[in-house]
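*Asks:* Line by line, the protein sequences are chains A and B. Counting along the first sequence from 1, when you hit position 98 you're at 107 in the numbering used here, and nothing is skipped either side. Counting along the second sequence from 1, when you hit position 118 you're at 127 in the numbering used here, and nothing is skipped either side. Yeah, the Cβ is synthetic: ideal placement off N, Cα and C, and Gly gets one too. The structure follows.
There are 2 protein chains.
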Amino acid sequence: MHPVIQHLKNYYPLNPTAENMLTERLASITFSKNDFLLKKGRVCQHFYFLEKGALRGFYELDGKEITHWFGFENNFITSFHSYITGQPSIENIQFLEDSTVWAISKKELTELFDAFHEIERLVRIIYEQYYMQLEERYVNAQFKTAAELYTDLIHRAPHILQRVPLGQISSYLGITQETLSRIRKQHAQ
Amino acid sequence: MHPVIQHLKNYYPLNPTAENMLTERLASITFSKNDFLLKKGRVCQHFYFLEKGALRGFYELDGKEITHWFGFENNFITSFHSYITGQPSIENIQFLEDSTVWAISKKELTELFDAFHEIERLVRIIYEQYYMQLEERYVNAQFKTAAELYTDLIHRAPHILQRVPLGQISSYLGITQETLSRIRKQHAQ
DNA sequence: AGCTGTTTTTGATATTTATCAAATTATCGG
DNA sequence: CCGATAATTTGATAAATATCAAAAACAGCT
């Protein structure tokens, strides 16, 4: 079965016709480590599903790269603001590993919404899940100390630490690389 | 016309039957300043629309109240995590002013999703808008200084400063009341 | 193994923000 | 207008984190 369909079954059942229509419109693309899925200034016109690999969203501030999210296997990916508004993206999306993604254009997905109520329902449900995750991350980021954020990350997503360089993790946590390095040292003792 | 229907027209058109079904299921409730729309520990089983007034979502941490969002006229309101998961809420929702809200139960709204594809579409679109707002707030909160957050707030939502006590604004910005007070002093000069 | 460029750690210091305590100012009912 | 209560500001100090510079550790390549 198609990996996207497989994953969607976790959220809501699809009838076979909808499955087929969706499958037909999903295109597989492979990327190498350090490739860009999206560069800032470009409009993000696709919704993606990451089958294999890892990527990050980052933007540039005062010449520094600020990674504000990571994506791994079985995550839906897009540059949300750009995708929704049709404005040029201010963020870049870059692969951290050799990866495989499935892509569907906004136009095609929107047409599927019209044709299949249940596909729009799936997206509604996925938005709910992602909103909850972001809300939790927001509250944590704002009200926890750097050390707490690090231990949370270890428990919540230890694979990130294995697969991502430290400088990207530190900006994800909203701290400098030096501070993260010192926190780790504390933590190890 | 019903104020909720009126507002929904900003997002997507509704047919008259859907309008009627929705209107019939919306109940108007008035509250006084300091009343609670939801107390922590209770499950949030309604989706609300704030017609008039103001409220805040807050939770308690180390004996302190942390306000993490505000709602004003024409905002949709719910304790999102509790509403979606059916788990007891960890946040409280309290009115900052005498207010009027419209309420629909999760059960009734879910039934309307089945009956009217376009109502589910509306909610999907509203989620997109709220996700974008949260995403922007997340990035700002994490990577801007306290002074920048304050000046942003002045430009983005000056009404908050008129209608909300300082201690609540400071926790919303993720800083202490004293720090906010000092920032304002700087800013005024 | 040795070279090279990159990533991570360490050290010294500066800056930002929090904390605690007290003083001042604003608000509201009588 | 007065007094009580709450909200905001001010001051002194402590804690957390950033910054800048350099050293150490690591990774890929030959």
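1. So, using beta-carbon positions, are A42/A and I99/A closer together than 9 Å?
2. Determine which residues of the segment 139-152 of chain B have a Cβ less than 9 Å from any Cβ of chain A, and write them out in chain order.
3. What are the residues in the segment 74-90 of chain B lying within 8 Å of chain A by C-beta distance?
4. Could you please give the first and the last residue of the uninterrupted alpha helix (DSSP H) stretch that includes Y92/A?
5. How many Å lie between H196/B and R146/B at the Cα?
6. Can you confirm whether the segment 88-102 of chain B touches the segment 22-36 of chain B when touching is taken to mean that 3 or more C-beta pairs between the two stretches lie within less than 8 Å?
7. Ends of the beta strand (DSSP E) at L70/A?
8. Suppose only complete runs of 4+ residues qualify. What are the alpha helix (DSSP H) ranges in the segment 116-196 of chain A, listed by chain order?
9. Find the residues of chain A that neighbour E117/B, judging by a C-beta separation of less than 7 Å, and give them in chain order.
10. When DSSP labels each residue in this structure, what does H55/B get in the three-state scheme?
11. For R165/B, is the classification buried or exposed, using 16 other Cβ atoms within 10 angstroms of its Cβ as the cut-off for buried?
12. For N84/B, which option in E120/B, K116/B, V132/B, D44/B has the closest C-alpha, if you only look at C-alpha atoms?
13. I'd like to know if G183/A contacts chain B, where contact means its C-beta is closer than 9 Å to some C-beta of that chain.
14. So, helix, strand or coil for I99/A, using DSSP?
15. In this structure, what does DSSP give as the bridge partners for S41/A?
16. For H200/B, is the classification buried or exposed, using 16 other Cβ atoms within 10 angstroms of its Cβ as the cut-off for buried?
17. Determine the direct distance from the alpha carbon of F79/A to that of F45/A, and round the result to whole angstroms.
18. Between D71/B and L162/A, what straight-line distance do the alpha-carbon atoms span, to the nearest angstrom?
19. What did DSSP end up calling H77/B once you bin it into helix, strand or coil?
20. Note down, in chain order, each residue of its chain lying with its Cβ closer than 6 Å to the Cβ of F56/B, except the 5 sequence neighbours on either side.
21. Would you mind working out which of G95/B, Y159/B, L31/B sits nearest E137/A, comparing C-alpha positions?
22. Rounded to whole angstroms, what's the CA-CA distance from R130/B to N101/B? Just pull it up for me.
23. Within 9 Å (strictly less), CB to CB, does I93/B reach chain A?
24. Does the separation of the CB atoms of L158/B and G176/B fall below 9 Å?
25. Kindly indicate if chain A contains any beta-carbon less than 9 Å away from that of Y136/B.
26. Throw me the rounded Cβ distance for the A63/A and L105/A pair, which I believe falls under 8 Å.
27. V110/A bridges to which residues according to DSSP?
*Replies:* So, from the listed chains and residues:
1. Before going further, note that residue 42/A is Lys rather than Ala in the sequence given. No, they are not a contact pair.
2. Within the segment 139-152 of chain B, the qualifying residues are Y139, Y140, M141, L143, E144, E145, R146, Y147, V148, A150, Q151, F152.
3. Against chain A - using a Cβ distance shorter than 8 Å - the residues of the segment 74-90 of chain B are I75, H77, F89, H90.
4. Where Y92/A is concerned, the enclosing alpha helix (DSSP H) stretches over 89-94.
5. Looking at the two C-alpha atoms, the distance is approximately 21 Å.
6. Contact annotation: the segment 22-36 of chain B does not touch the segment 88-102 of chain B, with fewer than three C-beta pairs closer than 8 Å.
7. Looking at the DSSP string, the run of the beta strand (DSSP E) that includes L70/A is 64-70.
8. Listed in chain order, the complete alpha helix (DSSP H) runs (minimum 4 residues) inside the segment 116-196 of chain A are 126-152, 155-165, 167-172, 175-182.
9. Neighbours of E117/B on chain A: none; closest Cβ ~16 Å, over 7 Å.
10. Strand.
11. The residue in question, R165/B, is exposed, as its Cβ has fewer than 16 Cβ neighbours within 10 Å.
12. Selected option, being the one with the closest Cα: V132/B.
13. For G183/A, the nearest beta carbon of chain B is closer than 9 Å to its own beta carbon.
14. Residue state, collapsed to three classes: coil.
15. In the DSSP output, where bridge partners are listed per residue, S41/A has none listed.
16. Nothing in the structure corresponds to residue 200/B, since chain B is present only between 10 and 198.
17. Rounded to the nearest whole angstrom, the CA to CA distance from F45/A to F79/A is 14 Å.
18. Here the alpha carbons of L162/A and D71/B stand approximately 22 Å from one another.
19. Looking at H77/B - three-state DSSP - the assignment turns out to be strand.
20. Exclusion of the five residues before and after F56/B leaves T87, I113, L118 as the residues of its chain whose Cβ lies within less than 6 Å of its Cβ.
21. Between E137/A and the set G95/B, Y159/B, L31/B, the nearest pair of CA atoms involves G95/B.
22. Going from the Cα of R130/B to the Cα of N101/B covers about 28 Å.
23. At least one CB atom of chain A sits nearer than 9 Å to the CB of I93/B.
24. Taking 9 Å as the cut-off, the Cβ atoms of L158/B and G176/B do not count as close.
25. Residue-level contact check: Y136/B touches chain A, since one or more beta carbons of chain A fall below 9 Å from its beta carbon.
26. Right, their Cβ atoms sit about 4 Å apart.
27. According to DSSP, V110/A bridges with I38/A, L59/A.
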